[in-house]
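Residue numbers (the working numbering): 112 to 664. Glycine included, every Cβ here is placed at the ideal spot set by N, Cα and C. Okay, structure first, notes after.
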RNA sequence: UGGGGUGUCGUCAAGUGGUAAGACACAGCACUUUGACUGCUGCAUUCGUAGGUUCAAAUCCUGCCACCCCAGCCA
């Protein structure tokens, strides 16, 4: 992984800081809260944080931002680590905000001693009422001017577990009239009698994000704290804490626009609903844009990284086209995936002039663009199967596959001409009959005659039945979060999953391993699903091939 | 009607006073034993908008418009 991140406005700031001597090296961090699974939006943040550190020869730590035990769980920290590693990044250290609880607590004491923080007895509702509104200033809490000693005493009692959840909070004493609501005496510690997944029952007071984050960054010597745009309003508060606590070489927070992708969902709440209501098959359902979902779908990590590089970094609100992600996946897989032939919706072909009971082996390139990668053997015989789409009773214009009288090339095998077809009582085509030209073995005609169409096939003699999951986008509207009428579930694409049980795959793929990826020629890229077994091989459609056929229809 | 941000092609996005990169998408042509890949061509006289400064403005100034974020003891 030698990619060097392209420059962006964040790097411009860093260049300035380096030049002016504000810092002499660069350190970033990726700070997810372990309360859900990582998705494509996190991938952008991961690439930016790790990519920036790498570009400047600096350090990037993973920091689990676990200051709210109520929502967090070990299950998520394990999944987060696994996903980051899969994406191809290596953290310098894996850290926890919770391991700074002592330090953060001392900082709170310091603020109290400096009369910059106070214990407030107001209820949550009262605090809300005192906060004022966007256009009206707030009112001071009646407890705002408690003495230092009383605050110290009360805060100690809070941490000793003498009060119920919500009974009191510690607030920073800033300015209840600030036009920035975050500066109106924000709560910095709350009481929560709950077991923390890292610190157990050691604490019953926990710092809020706004307090813990700048201190954690400072504690780790982060130089540039990169986060998304919604924290822009928090920056004055971030800087306030660092200044009041006299932090030397304070980290600098820089915000960038988070990633939005059309036709999919990244909201934790909504994804959880999809999982809980069993609309999808878990967090790693191949239709989800979670990292685990994309992994199971067969997206190469390098494609996801490349996508993150291509979308750039800016502060403009944007919605990136899903098509760009898919393009990155095709780009990568076109280079790496071995080719194979698979017939998803089989139609039997009988080659009437091919000797009954005879078969032959044909050598085919594993990758036509790279002959040096070798060949594989496929078996040809009298009975083969082709895609139902590759035959039409009444061909439409510019259709150059099979129809009565047409000659096409059976990929790598022979030219064949369709002579007739059989139907059942419903008029459904059950088989087609062809004659082949023995002189065209390998797919070339000695007399130089050309055919327009080349189609893939598998032989009845050497193919096996498999299940193929055809995936399409989960939602059929560009912005599924836009719940105009009913919930987002109204925007689900009813055809996001098509399960095909009678697909026929070329014999050589009988012993595939989980997560192997192939290009099924003329169709798309497919990977072996995690539930695949030797008896029932399951392929997932990773992404379909581009096609200029039928586009105008 | 407070504060903080953002507006450059259908979608992302370069551009930092010298006359609009690139990618995806789209269209066309060529090549092709994948209607794939690849190659070539086309695709913003214009940068939210109206003025102003300048020899010269997407870039500087002023007004206006649109959109996003903030009133959790969430992050």
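Close beta carbons around residue i, own chain, < 6 Å, minus the five adjacent residues each side
{"i": "residue 523", "result": "473, 475 and 554"}
{"i": "residue 544", "result": "461, 463, 530 and 531"}
{"i": "residue 466", "result": "none"}
{"i": "residue 312", "result": "306"}
{"i": "residue 349", "result": "325 and 364"}
{"i": "residue 395", "result": "403, 404 and 407"}
{"i": "residue 569", "result": "452, 454, 496, 615 and 617"}
{"i": "residue 540", "result": "532 and 534"}
{"i": "residue 119", "result": "424"}
{"i": "residue 516", "result": "none"}
{"i": "residue 215", "result": "318, 323 and 326"}
Own chain partners of residue i with C-beta closer than 8 Å, once the 5 adjacent residues on each side are dropped
{"i": "residue 220", "result": "263 and 266"}
{"i": "residue 646", "result": "none"}
{"i": "residue 225", "result": "355"}
{"i": "residue 443", "result": "411, 413, 414 and 417"}
{"i": "residue 514", "result": "502, 503, 504, 505, 506 and 529"}
Beta-bridge pairing of residue i - partner residues as DSSP gives them
{"i": "residue 459", "result": "496 and 542"}
{"i": "residue 617", "result": "574"}
{"i": "residue 133", "result": "For residue 133, which the question treats as bridged, DSSP gives no partner whatsoever."}
{"i": "residue 654", "result": "636"}
{"i": "residue 502", "result": "513"}
{"i": "residue 649", "result": "578"}
{"i": "residue 336", "result": "364"}
{"i": "residue 487", "result": "475"}
{"i": "residue 316", "result": "302"}
{"i": "residue 453", "result": "616"}
{"i": "residue 548", "result": "526"}
{"i": "residue 150", "result": "401"}
{"i": "residue 569", "result": "496"}
Residue range of the unbroken alpha helix (DSSP H) whose run includes residue i
{"i": "residue 270", "result": "259 to 270"}
{"i": "residue 436", "result": "433 to 447"}
{"i": "residue 530", "result": "Counting along the chain, residue 530 falls outside any alpha helix (DSSP H), though it belongs to the beta strand (DSSP E) covering 526 to 534."}
{"i": "residue 219", "result": "212 to 224"}
{"i": "residue 172", "result": "That residue, residue 172, is in no alpha helix (DSSP H); its beta strand (DSSP E) goes 170 to 175."}
{"i": "residue 325", "result": "320 to 330"}
{"i": "residue 309", "result": "Segment: none, residue 309 is in no alpha helix (DSSP H) and carries neither H nor E."}
{"i": "residue 138", "result": "It is not in any alpha helix (DSSP H) - residue 138 instead sits in the beta strand (DSSP E) that spans 138 to 141."}
{"i": "residue 382", "result": "379 to 387"}
{"i": "residue 427", "result": "Counting along the chain, residue 427 falls outside any alpha helix (DSSP H), and DSSP gives it neither H nor E."}
{"i": "residue 205", "result": "That residue, residue 205, is in no alpha helix (DSSP H); its beta strand (DSSP E) goes 205 to 207."}
{"i": "residue 188", "result": "185 to 198"}
{"i": "residue 351", "result": "346 to 355"}
{"i": "residue 240", "result": "235 to 241"}
Integer Cβ distance of residue i from residue j, believed to fall under 8 Å
{"i": "residue 173", "j": "residue 202", "result": "4 Å"}
{"i": "residue 177", "j": "residue 364", "result": "That belief does not hold up - the Cβ atoms of residue 177 and residue 364 are roughly 20 Å apart, past 8 Å."}
{"i": "residue 277", "j": "residue 299", "result": "Not quite, the Cβ-Cβ distance comes to about 15 Å (not below 8 Å), so this is no contact."}
{"i": "residue 630", "j": "residue 655", "result": "Actually they are not in contact, since the Cβ atoms of residue 630 and residue 655 sit about 11 Å apart, beyond 8 Å."}
{"i": "residue 419", "j": "residue 154", "result": "6 Å"}
{"i": "residue 111", "j": "residue 230", "result": "Nothing about residue 111 can be read from this structure; the chain reaches only from 112 to 664."}
{"i": "residue 162", "j": "residue 369", "result": "16 Å between Cβ atoms; not a contact."}
Sequence-distant residues of its chain with Cβ nearer than 7 Å to residue i (five each side left out)
{"i": "residue 623", "result": "639 and 648"}
{"i": "residue 373", "result": "430, 432, 433, 589 and 590"}
{"i": "residue 562", "result": "518, 519, 520 and 526"}
{"i": "residue 596", "result": "Because the pLDDT of residue 596 is 49, which lies under 50, any placement of that residue in the model is unreliable, and the number read from its coordinates should be weighed accordingly. Once the five neighbours on either side are set aside, residue 596 has no close Cβ partner at all."}
{"i": "residue 150", "result": "377, 400, 401 and 402"}
{"i": "residue 183", "result": "144, 145, 146, 177 and 308"}
{"i": "residue 170", "result": "138, 164 and 203"}
{"i": "residue 618", "result": "490, 573, 574 and 575"}
{"i": "residue 242", "result": "249, 292 and 295"}
{"i": "residue 345", "result": "293 and 321"}
{"i": "residue 583", "result": "604, 606 and 607"}
{"i": "residue 290", "result": "none"}
{"i": "residue 227", "result": "283, 284 and 355"}
{"i": "residue 274", "result": "268 and 302"}
{"i": "residue 664", "result": "The predicted model places residue 664 with a pLDDT of 42, which falls under 50 and marks its position as unreliable; any figure quoted below should be read in that light. Contacts found: none."}
Opening and closing residue of the beta strand (DSSP E) in which residue i lies
{"i": "residue 474", "result": "470 to 476"}
{"i": "residue 630", "result": "628 to 631"}
{"i": "residue 231", "result": "228 to 231"}
{"i": "residue 280", "result": "280 to 283"}
{"i": "residue 519", "result": "518 to 521"}
Checklist line | Segment contact, 8 Å Cβ cut-off, at least three pairs: the region 349 to 356 with the region 153 to 173 | finding: Because the criterion of three Cβ pairs below 8 Å is not met, the region 349 to 356 and the region 153 to 173 do not touch.
Check: Counting Cβ pairs, one atom from each stretch, are 3 or more of them under 8 Å apart for the region 442 to 454 and the region 374 to 394?
Finding: no
Note to self: Pairs of beta-carbons, one from the region 182 to 198 and one from the region 393 to 407, closer than 8 Å: are there three or more?
What the structure shows: yes
Notebook entry, point to check: Per the contact definition of three or more C-beta pairs closer than 8 Å, is the region 568 to 583 in contact with the region 477 to 497?
Noted result: Result yes; three or more Cβ-Cβ pairs closer than 8 Å.
Item checked: At least three beta-carbon pairs within less than 8 Å, the region 233 to 246 to the region 326 to 340 -> With the cut-off at 8 Å, the region 233 to 246 and the region 326 to 340 do not touch.
Note to self: With three or more C-beta pairs closer than 8 Å as the rule, is the region 501 to 517 touching the region 605 to 619?
What the structure shows: Touching, no, given that fewer than three Cβ pairs across the two stretches are closer than 8 Å.
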